[in-house]
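Number of protein chains: 2
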Amino acid sequence: MISVDTAIKIVTDKTEPLQSRAVPFENTMGLCLAQDVQSDIDMPPFDRSAMDGYAIIAEDTAHAPVELTVIESIAAGYMPTKKVSHGQASKIMTGAAVPEGANAVVKFEETEDIQTDNRVKILRSIDKGSNISKKGEDIQIGQTVLYKGMVIRPQEIGILASVGKSYVEVFPTPTIGIISTGSELVDVESKPSVAQIRNSNGYSLAAQARRLKADVEILGIVKDTKEEISGMLQKGLKKDILILSGGVSMGEYDLVGEVMKDLHTQIYFEKVALRPGKPVIFGRKDKTLIFALPGNPVASFVTFELFIYTAIRKMMGFSNPQRITIQATLETDIFVKRKRREYRPALFCARDNTWKVSPVEWHGSADLLATTRANCLLIVREDAQKLAAGQLVDVILLD
Amino acid sequence: MISVDTAIKIVTDKTEPLQSRAVPFENTMGLCLAQDVQSDIDMPPFDRSAMDGYAIIAEDTAHAPVELTVIESIAAGYMPTKKVSHGQASKIMTGAAVPEGANAVVKFEETEDIQTDNRVKILRSIDKGSNISKKGEDIQIGQTVLYKGMVIRPQEIGILASVGKSYVEVFPTPTIGIISTGSELVDVESKPSVAQIRNSNGYSLAAQARRLKADVEILGIVKDTKEEISGMLQKGLKKDILILSGGVSMGEYDLVGEVMKDLHTQIYFEKVALRPGKPVIFGRKDKTLIFALPGNPVASFVTFELFIYTAIRKMMGFSNPQRITIQATLETDIFVKRKRREYRPALFCARDNTWKVSPVEWHGSADLLATTRANCLLIVREDAQKLAAGQLVDVILLD
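Chains as they are written, first to last, in the numbering used here: chain A, 10 to 408; chain B, 10 to 408.
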């Protein structure tokens, strides 16, 4: 039985980023860049006014107030046509190009219109360069503005638009198939008979994968027979990742592992020292990564976040694909049960300027309702003897 | 000029949650419940085995090891048909119903098969109730499992599936139209001439809104004429929220505010004591909320996160719709420029078990590239004189 850390390392090592492709830039939110991006323009493209006001020669205002002659009005989108000489000013709008000759912009609030034709009074003296953004100050032609591996957020979308990168090379999201195994399962619309339960894992796993932008197909429910499992599994081999839920523990009807071996799946691990979620199988058949997860809903949830999360993000080109842990102060004592690493549903919050965490009431790996009161998983390490209130613990944030 | 806090309060007060509707439960990720949800089943639906093993009478193991007669094998999905009496055991799989008479399950690892017919050796004594999850232990019929206002995450999807809630009442996402104003703007595919720039705000605003799951339509670019702005604005009035970018400062061509008033838009505010983003207009025309944002990209970005974020989430039924702030320790001194509240692009990280923040290099409200190096906005409050390294400051996390 391998440790959680070893299992995550195996998943990382056995997963490759998907082949990158060029995508319209608007559709790249949350994806990783597979190329560096250079600018084809200077930003600003010219010496630009940062204010609505008057472009003037700063030296003319040395003995302000002073009156100047207005020779032109420059809107954004139009180039100035006149050079500003001593004694002159051009009215200018935010974003417009500063005219030749001028070396500062006085904002409207520091001027006064004069009733006579085309004159303005500048009320205060102003420094050279004031309210002018210099050409190329933010971005220069040819400059690399975004780098391979960066994750696209709204601000990166804005930069891609600014530099005219209408198609950009990114790592795509994987396709995922989900199979729920178990003769006791019925679909959500059905009323379970006395020995049945509804298929919930198929849908919660799909939601977990869709949260990462993966392209998910729920393939359905199969009964606990080798024929049904094998048939559906082979249908799922066109996906990048195939997830099976249930059928992986020691029972007579836990046939998933057997079917995987019958199909000559290369198995990388079968058991992880983890609670909940010990019986979890990871392998590869042809180009498809296969994860077989335990059927208990919290075990299914946790093993997704540890292993499949890592695989999806590695395929999507993330350099640190696994869930990050952060530290928080434990608010109650925790009795440690076993020598497997434990992940417990817990509540994380800020209080008195520090981050606190406390486990929520939880009946075990079947009790999914407990996780609806949680926003993190509290990690009890393999070597922990006891966790005492006040000590720092690691948590994985879920929301 | 009103404060940021007042402006956010006005947005919250003037925005109503959208009319709730019933949606297939799989499509509710990230939405708020508009109803309480009750369970139609007990979970577990029967006294259920938590292990693969043998259902027995605990008292029979008092002097273990002991041999018992195996009378049945019970798979998940099938009900037991035989009552367990003293001296007997039924083989049972995880998730199956515990047979009448039995009061504990011994896991396989603590038993030994015997070569003679239908006998098993129990190696250790076991307590009554061991490895049995009691009927209704996690969820009881009629119990309220999810509450109005809760946000749907994968675990809530799993609960909805478990209790058979195939359609559920949620608050929908708003429809949003985005108009970019400015005679200097060209689209992404075009190469700007010397006085032009590309329309980036339209796309970054769309990405900001789509990140919140809103249904966005980019309506396009209009030139700085009242006719064009007015025509496009009226086309946008079928949306829940209409966003205009640019045309709201003091320049001669900043016509958006005028057009809004010409159309008898009810204006709630026009200027906020904020940097970047002072000229921001918020109003309502018929049923559409209208936000007119400054054209500088960082001002556009920040005003979205403060005001439109709040409006979208209020429409979506969030009880705390606005961006939350958290505290971090400042790593460098900050010189405070003005008496408006400032939001600066900054980098937030954990170091030495505390949260640190430092501003990134930033040339001002046109410098969107700086925000690609940032993961938060650092807040400089109106009353701040100076911010010194080591003090606690508020930040808004962006990712």
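Backbone N, C-alpha and C fix where the C-beta goes; we use that ideal spot for every residue, glycine too.
Taking the alpha-carbon positions, what's the residue i to residue j distance?
i	j	result
alanine 8 (chain A)	arginine 220 (chain B)	With chain A covering only 10 through 408, there is no way to say anything about residue 8 (chain A).
glycine 167 (chain B)	tyrosine 87 (chain B)	23 Å
alanine 301 (chain B)	isoleucine 290 (chain B)	5 Å
glutamate 391 (chain A)	aspartate 224 (chain A)	35 Å
isoleucine 185 (chain A)	methionine 241 (chain A)	14 Å
threonine 120 (chain A)	lysine 244 (chain B)	38 Å
methionine 325 (chain B)	isoleucine 135 (chain B)	52 Å
tyrosine 352 (chain B)	isoleucine 335 (chain B)	14 Å
proline 288 (chain B)	leucine 407 (chain A)	37 Å
valine 129 (chain A)	aspartate 196 (chain B)	36 Å
proline 285 (chain A)	valine 311 (chain B)	42 Å
serine 209 (chain B)	alanine 170 (chain A)	5 Å
glutamate 146 (chain A)	leucine 272 (chain B)	39 Å
phenylalanine 409 (chain B)	glycine 211 (chain A)	The displayed coordinates of chain B run from 10 to 408. Any statement about residue 409 (chain B) would go beyond what the structure contains.
alanine 113 (chain A)	leucine 246 (chain B)	41 Å
isoleucine 321 (chain A)	isoleucine 17 (chain A)	12 Å
arginine 57 (chain B)	aspartate 376 (chain A)	13 Å
serine 99 (chain A)	threonine 153 (chain A)	35 Å
arginine 30 (chain B)	glutamine 47 (chain B)	18 Å
isoleucine 405 (chain A)	isoleucine 333 (chain A)	6 Å
valine 107 (chain B)	isoleucine 230 (chain A)	24 Å
valine 13 (chain B)	leucine 396 (chain A)	43 Å
serine 124 (chain A)	glutamine 394 (chain B)	Here residue 124 (chain A) is glutamine; the residue named in the question, serine, does not match the sequence. Whole-angstrom Cα-Cα distance: 41 Å.
valine 93 (chain B)	lysine 323 (chain B)	58 Å
glycine 292 (chain A)	threonine 190 (chain A)	18 Å
proline 26 (chain B)	glutamine 331 (chain B)	14 Å
lysine 232 (chain A)	proline 33 (chain B)	25 Å
asparagine 140 (chain B)	alanine 59 (chain B)	5 Å
isoleucine 238 (chain A)	leucine 356 (chain A)	38 Å
isoleucine 83 (chain B)	alanine 105 (chain B)	7 Å
histidine 72 (chain B)	arginine 382 (chain A)	43 Å
alanine 204 (chain B)	phenylalanine 180 (chain A)	35 Å
lysine 280 (chain B)	serine 202 (chain B)	32 Å
leucine 264 (chain A)	leucine 339 (chain A)	40 Å
Sort out for me which residues DSSP pairs residue i with in a bridge.
i	result
arginine 293 (chain A)	A:Gln275, A:Leu298
methionine 159 (chain A)	In DSSP, methionine 159 (chain A) forms no bridge with anything.
arginine 360 (chain A)	A:Thr363
tyrosine 352 (chain A)	A:Ile388
serine 189 (chain A)	A:Ile230, A:Ser254
threonine 120 (chain A)	A:Ile131
valine 32 (chain B)	B:Val177
leucine 401 (chain B)	B:Thr338
isoleucine 19 (chain B)	DSSP, once it has assigned bridges, lists no residue as partnering isoleucine 19 (chain B).
alanine 113 (chain B)	B:Ile65
arginine 284 (chain B)	B:Glu351
lysine 395 (chain B)	B:Phe344
leucine 377 (chain A)	Answer is none; leucine 377 (chain A) lacks a bridge partner.
Closer than 8 Å between beta carbons: that is the criterion. Which residues of the region 34 to 45 of chain B meet it against chain A?
Phe34, Glu35, Met38
Closer than 9 Å, Cβ to any Cβ of chain A: which residues of the region 362 to 375 of chain B, in chain order?
Asn362, Thr363, Trp364, His372, Gly373, Ser374, Ala375
Mind checking the region 82 to 101 of chain B against chain A and listing, in chain order, the residues whose C-beta falls within less than 8 Å of any C-beta there?
Ser82, Ala84, Ala85, Gly86, Tyr87, Met88, Lys100
Under 7 Å (Cβ pairs) to chain A, residues found in the region 329 to 347 of chain B
Ile335, Gln336
At 4 residues or longer, what runs of the alpha helix (DSSP H) sit wholly inside the region 220 to 250 of chain B?
235 to 244
Determine contact between the region 21 to 41 of chain A and the region 59 to 76 of chain A, defined as no fewer than three beta-carbon pairs at a distance below 8 Å.
no
Got a sec: which bits of the region 54 to 80 of chain B sit with their beta carbon under 9 Å from any beta carbon on chain A, in order along the chain?
Pro54, Phe55, Arg57, Ala59, Met60, Asp61, Gly62
Along the chain, which unbroken stretches of the beta strand (DSSP E) at least 3 residues long are found entirely within the region 41 to 110 of chain A?
62 to 65, 75 to 83, 97 to 101
Please list, in chain order, the residues of the region 122 to 156 of chain B that have any C-beta partner in chain A closer than 8 Å.
Ser142, Glu146, Asp147, Ile148, Val154, Leu155
Inter-stretch contact (C-beta, 8 Å, three-pair minimum) for the region 51 to 63 of chain B and the region 348 to 368 of chain B:
no
Under 8 Å: do the region 196 to 211 of chain B and the region 156 to 164 of chain B share three or more Cβ pairs, one atom per stretch?
no
Below 8 Å, how does it come out for the region 222 to 239 of chain B and the region 168 to 185 of chain B: are there three or more Cβ pairs, yes or no?
yes
Looking at chain A, which residues of the region 206 to 231 of chain B have a Cβ within less than 8 Å of any of its Cβ atoms?
Ile206, Arg207, Asn208, Ser209, Asn210, Gly211, Tyr212, Ser213, Leu214, Ala215, Ala216, Gln217, Arg219, Arg220
Could you tell me which uninterrupted alpha helix (DSSP H) segments, each at least 4 residues in length, are contained entirely in the region 301 to 337 of chain A, listed from first to last along the chain?
306 to 312, 318 to 324
Runs of 3 residues minimum, wholly inside the region 169 to 215 of chain B: which ones carry the beta strand (DSSP E) assignment?
176 to 179, 184 to 190
Selection of the region 376 to 392 of chain A by Cβ proximity to chain B, strictly under 7 Å
Asp376, Leu377, Leu378, Thr380, Thr381
Of the residues that make up the region 164 to 184 of chain A, which ones have a beta carbon closer than 9 Å to any beta carbon in chain B?
Gln164, Glu165, Ile166, Gly167, Ile168, Leu169, Ala170, Ser171, Val172, Gly173, Lys174, Ser175
Three or more C-beta pairs under 8 Å: does that hold for the region 292 to 308 of chain A against the region 248 to 258 of chain A?
yes
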